[in-house]
Every structure is written in C-alpha cells, then in structure tokens.
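So the structure is just underneath, and the comments pick up after that.
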Amino acid sequence: MNALKLLPRRIFAFVVRDFRLFVSYRMQFFLRIISVLAVVTTLFFISKIFAGFTDPQFSQWRDPLASWLTGLAVLNYFTTGFSSLANSIRQEQMQGTLESVLLTPINLPTVIVASSAWDFLETTFFSFLYLFFGRVFFGVQYRGSFILAIGFLLLTTVVLACLGILSASFAMVFKRGDPFGLFLGAGSALFSGVFFPTQLLKTYAGPKLGSISLLLPATYGLDGIRQVLIEGHGLAEVTRPLFILLGFLVVLLPFSLWVFGRAVRRAKREGSLIQY
Amino acid sequence: MTAISIRSLSKTYPVPFLRLRKFFRRPAKDPVEALRDVSFEVETGEIFGLIGRNGAGKTTLTKIVATLVQPTNGNVSVRGNDSVEHDELVRREIGLATAEERSFYWRLTSEQNLLFFARLHGLSDRYAKQRIKDLFAKLELDEVARRRFGELSTGNKQRLAVARAMLSSPPVLLLDEPTRSLDPLAAARMREMISALAQQDPPVTILLTSHNVAEVETLCTRVAVISRGSIRALDTPKNLRDLTSGSETVHITVSSGEKISLTREHNDNRLDEAIRSLQQRGERIIDIETERATLLDVLERYEAADERR
Numbered sequence: 001m002n003a004l005k006l007l008p009r010r011i012f013a014f015v016v017r018d019f020r021l022f023v024s025y026r027m028q029f030f031l032r033i034i035s036v037l038a039v040v041t042t043l044f045f046i047s048k049i050f051a052g053f054t055d056p057q058f059s060q061w062r063d064p065l066a067s068w069l070t071g072l073a074v075l076n077y078f079t080t081g082f083s084s085l086a087n088s089i090r091q092e093q094m095q096g097t098l099e100s101v102l103l104t105p106i107n108l109p110t111v112i113v114a115s116s117a118w119d120f121l122e123t124t125f126f127s128f129l130y131l132f133f134g135r136v137f138f139g140v141q142y143r144g145s146f147i148l149a150i151g152f153l154l155l156t157t158v159v160l161a162c163l164g165i166l167s168a169s170f171a172m173v174f175k176r177g178d179p180f181g182l183f184l185g186a187g188s189a190l191f192s193g194v195f196f197p198t199q200l201l202k203t204y205a206g207p208k209l210g211s212i213s214l215l216l217p218a219t220y221g222l223d224g225i226r227q228v229l230i231e232g233h234g235l236a237e238v239t240r241p242l243f244i245l246l247g248f249l250v251v252l253l254p255f256s257l258w259v260f261g262r263a264v265r266r267a268k269r270e271g272s273l274i275q276y
Numbered sequence: 277m278t279a280i281s282i283r284s285l286s287k288t289y290p291v292p293f294l295r296l297r298k299f300f301r302r303p304a305k306d307p308v309e310a311l312r313d314v315s316f317e318v319e320t321g322e323i324f325g326l327i328g329r330n331g332a333g334k335t336t337l338t339k340i341v342a343t344l345v346q347p348t349n350g351n352v353s354v355r356g357n358d359s360v361e362h363d364e365l366v367r368r369e370i371g372l373a374t375a376e377e378r379s380f381y382w383r384l385t386s387e388q389n390l391l392f393f394a395r396l397h398g399l400s401d402r403y404a405k406q407r408i409k410d411l412f413a414k415l416e417l418d419e420v421a422r423r424r425f426g427e428l429s430t431g432n433k434q435r436l437a438v439a440r441a442m443l444s445s446p447p448v449l450l451l452d453e454p455t456r457s458l459d460p461l462a463a464a465r466m467r468e469m470i471s472a473l474a475q476q477d478p479p480v481t482i483l484l485t486s487h488n489v490a491e492v493e494t495l496c497t498r499v500a501v502i503s504r505g506s507i508r509a510l511d512t513p514k515n516l517r518d519l520t521s522g523s524e525t526v527h528i529t530v531s532s533g534e535k536i537s538l539t540r541e542h543n544d545n546r547l548d549e550a551i552r553s554l555q556q557r558g559e560r561i562i563d564i565e566t567e568r569a570t571l572l573d574v575l576e577r578y579e580a581a582d583e584r585r
C-alpha cells in the first residue's frame, strides 16, 4: 500500500533524473526535431508520386502521407512500449547504477516502470511532432475522435509493454540476445502495416508470410487508430481490433508478470542482477 | 539489542544453465562457494569489522545483508526483518556505501544525484534538500554540491557515497572501505564521524569492511576474520591479537643514548622492573616504542593455516 502511495513520487524522481540527463545533451534534442521534420518532408514528396493512383480497396491509404505519419508516430510509441522496459534495466546495469537504485526501498517492477516513464514522455513528444508537422506544414487532415485514438494507442502500448516485460525478463537472465526485441522491432515495421497495407503482404508474399501480421498486436493497434483518425470511424466500427487487443492483454499480462517474477528470483539467486 | 543477525549463512553461486551445458556436453565450471555456514550477530550501536583477503566473501556477505543477493542457505535479519522475506523493510533500515564510482550518474551534479536517491527513499523534497545540505556540511562537500559527479575527485566521490548511504538516516550502515581514497586528514575525519555515529542517540550500527586493518583495529568493537567464505575468528581486536601472540616487544631509549629491548607477556611486570632499574641508575627515559601483534598478523595466521589445509 505504501509502495503504491509512493509510486507517483518515485516515477517523478526518475522523470526528473532522465529529463536532467536529457537536457545535458541539448544538441541531440534539436537534431532529433530536425530529423523528424526531414522525414516528414521526404514522405510528403514521396506521397506526391502516388497522388491519384491509390487503390480504392485500401481505404486507409487514400492519403499515403497521413497513413505514413500515423504509422510512424504510432510505431515510435509501440517501439517504446516493448523496448523501454528492457532498456531501462540494461542501461542501469551498464551504467552500474542498478545496484544503488535497488538499495533503496523500491522493488524491481517499480524501477522498471518508473525508469521507462521518461521514454514514454519523450516518445509522446516526438510522435506528436510527426502529426504536428504533417498538419501544419503539409495540410494533412485527421478526422474522428482523438480520444478514441489515444485509447487505442494506450491499449496497444500496454499490450506491447507486456511483451516488454518478457523482454526485460530476458535481459535480466540472458543479458543480451533478446528475441522479443528482434521479432517486434524488425517485425512491426515490416508486418504491421506501418508503411504499406498488410493486405499487400498476402498478395505478394503468400498467405503464410502474410498471416504473420495477424500475430502482431501492433497490426490491430495501427488498424484501429487509422480507422479512427483517417476514416473517421466511431467506437461501434472498431470493435474487432479492440477485442483482439483485449484478448492479447488477458493472455499476456499474467504470463509476462509470472515470467518476470521468476527471472528476478533467478537473477538474485545467481547474484547476476547487476551484471550485463 | 541485536541489529544484524546472521545464521548459518551459505552462498554458492550456481553455474548459469548448468543442466543445459551438461545436456549439450559443454564444459562447465564448478559452482563457486562464496560463503560457508557463517553465523554472528551485531549489536545495536556496535561498529563491527569484517576483514579478509580479496575474494574471501566480504562483499557477498555485505550484499546479502543489503538484500542484493539471496543466500543459498541460512538467513539474515536486520532489526528483526528477514532479508529475503521482507527485503524492502530491510532496505529501509540500511545504507550501503561502496567504493564503486559507477554507482552514480556522472552527468548529474552531486546534489541532483542525492536528491534523486532521496526521492526513491520517499523523503519529501523539503526534508531531502535540508538533509543533503547537512550531509554536505558534515562531509565537507559544500564546494562540490553543484559540480557534476564526473568532475569530482576520487576522494569526493567516495565521500558522496557515504553521504548517500546516510541520506535516510538509516539505523544500520554498511561501509565498504570508507576511507580508501581519502587523504590522511579526510580519512581521520571520516573515522571520527563513524565513531560519533555509533555513539549518537539513537546509535547507528555499523558493519565495516576494510583492508585497512589499523583502521578496523581503531574503530571496531569486534572484528570477524573471514577466509575462503568462513568466519575463522571473531572477537575484540585486543583478544584477536592476543590469540596470535600474547607477547610484545618494548624498545626503550634512555638519555645516555643506550637502547634496551625487552619482550614481555601481556600483564607481566617486566616493563615496570626495567623502568625502575633504569631510574635507579639515574637514566632518563627519552622514548618508548612497543611492537605488538596486529590484526594483520591475525589475518596472516589464518590465511597461512587455510593455505596449508
């Protein structure tokens, strides 16, 4: 109970720490903003190649720039969802600060959640930048409920965070060579429909490869968000991806927590918690 | 009252994925037995020393007390809380200062570093800032409060580690070589502070591990000699010295320039007799030096015994 009461304070401590570390590298911050603008501008010109040629069966891709920008913004978020939990542990291990953090009356799950908080804030900012630059400089129009889109985003991020917990468990025991990161990192960009409709995979790569996208939570998250933001759909029309994501959550949340508990016990028994 | 209780503690570091290695017939190292049946108690307000060579098991023992490593057998309790069952409660009661420089954030200032850890301890910002100010004054760190950790000297880094251990005013402090990188003056002040902590009200219990046996001898009420994972001797520094050798050599220099050496047993009257006889001869005593067994001799004795085994 006390730990729960102190959780916001501890998250605040990590956010302040990471903000201070972040602003100690000011140049990096400005370069990232410029790189987002460069990507959005490049995509704008690429989208002009397809002007008037979009296949009508791909209703979410009538404006490819809008699709790419939502795809990139959301992919950014998803990547943070599954990678930041494991990265937070690894980074503390590599810096040598994990031991001193774990010497405070704070448990490991809190460390992981709290030390990922800044990543989510940072990603929110940069994801928003994709949409903002698209809207302000290139006239991209978004329709539908932003609240529903954010709901989808949060749900998908929580589902991916469950995979992130599995990834963090892996990092704790095996230190390197995380298969979840590899599968989700490379897989999401290719198979979730970030840059092209997933239906094309089936057409060109065959039904087996095409069906990989069905296994990825990010596919349903992106589909839901695009249905809302680009096609202007309401809650009643996005129940399919919504229920599939909830299904993922029901299975993955207890499983990932169970695996994580075992990984922590193993690392403490081996005395390898702080090794990397 | 007992502050730290260690009962039948053993720790063997398992070989990762041993069964898998055996299955694939890969060579596997033997598990490392770091601690073997260690038992002792540290009383409240006591400064308890732990000496031993590198790899003797001191760090493993400290880490188990600090809940960072789980024991294979036996248990540790800190002020009644088991280090495995109630690890969070134990961490509320302890502060650990190690000489490990990498345990801080190098791009944050000394103050920002301590404020971060104070928040993790659940201290309010107002209290934490005042506490940090007090600790900086106590440990002579005021001048480096706003300097990045990476810019600090090794001695200041070490003092900052001690300040961090004391942040939440824990009743138990685990100090791992607290004076290793300090200059002689700073080291003396650190020793004074450690002594004062044990005498304050309420007293702080201190588990001190050090390679500086003279420091351990000066500060500690009791000392445990650890060798190859086992406690080989545990007593007051004086009793430990007497275990090795009850005798001491006294060198006396008198006004005529003559130097007299004598070996005496503890508590015998040979020194009184020698002084009396010199005074009767009209000599004035210029200097007296005593050579007695130190904890280093004790350590050497147990190490030699272990090597013979």
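Protein chains in written order, with the numbering used here: chain A, 1 to 276; chain B, 277 to 585. All residues carry an ideal CB built from backbone N, CA and C; glycine is no exception.
By the rule that beta-carbons nearer than 8 Å mark a contact, residue 337(B) does not touch chain A. Residue 345(B) has a beta carbon lying within less than 8 Å of a beta carbon in chain A. The stretch 113-132 of chain A and the stretch 18-32 of chain A touch, with three or more beta-carbon pairs separated by less than 8 Å. Counting every other CB atom within 10 Å of its CB across the protein chains shown gives residue 104(A) a total of 16 or more, marking it as buried. Beta-bridge partners assigned by DSSP to residue 498(B): 324(B). Judged by DSSP secondary structure, residue 452(B) falls within the beta strand (DSSP E) whose first and last residues are 448-452. In the structure shown, residue 516(B) falls within a helical segment according to DSSP collapsed to helix, strand and coil. Residue pairing of residue 539(B) in beta bridges, as defined by DSSP: 525(B). Taking C-alpha positions only, residue 449(B) is separated from residue 102(A) by approximately 16 Å. Excluding residues up to 5 positions away in sequence, nothing lies with its Cβ nearer than 8 Å to the Cβ of residue 95(A) in the same chain. Counting every other CB atom within 10 Å of its CB across the protein chains shown gives residue 564(B) a total below 16, marking it as exposed. Look at residue 428(B): its C-beta is not under 8 Å from any C-beta on chain A. Note on residue 452(B): 16 or more other CB atoms within 10 angstroms of its CB, so buried under the neighbour-count rule. Checking the DSSP bridge columns, you'll see residue 287(B) partnered with 311(B). For residue 582(B), the enclosing alpha helix (DSSP H) starts and ends at 571-584.
Comparing C-alpha distances from residue 192(A) to each of 254(A), 67(A), 171(A), 24(A) shows the shortest one belongs to 67(A). Annotation: the continuous alpha helix (DSSP H) that includes residue 366(B) extends over 363-369. At a C-beta separation below 7 Å, residue 342(B) has these neighbours in chain A: 103. For residue 364(B), the closest Cβ of chain A is nearer than 8 Å. Closer than 8 Å to the CB of residue 379(B) there is at least one CB belonging to chain A. For residue 250(A), the closest C-alpha among the options 225(A), 217(A), 45(A) is that of 217(A). Looking from the CA of residue 313(B), the closest CA among 503(B), 396(B), 379(B), 366(B) belongs to 503(B). Against chain B, the beta carbon of residue 21(A) has neighbours under 8 Å at 381, 383, 384, listed in chain order. The three-state reading of DSSP puts residue 153(A) in helix, counting H, G and I together.
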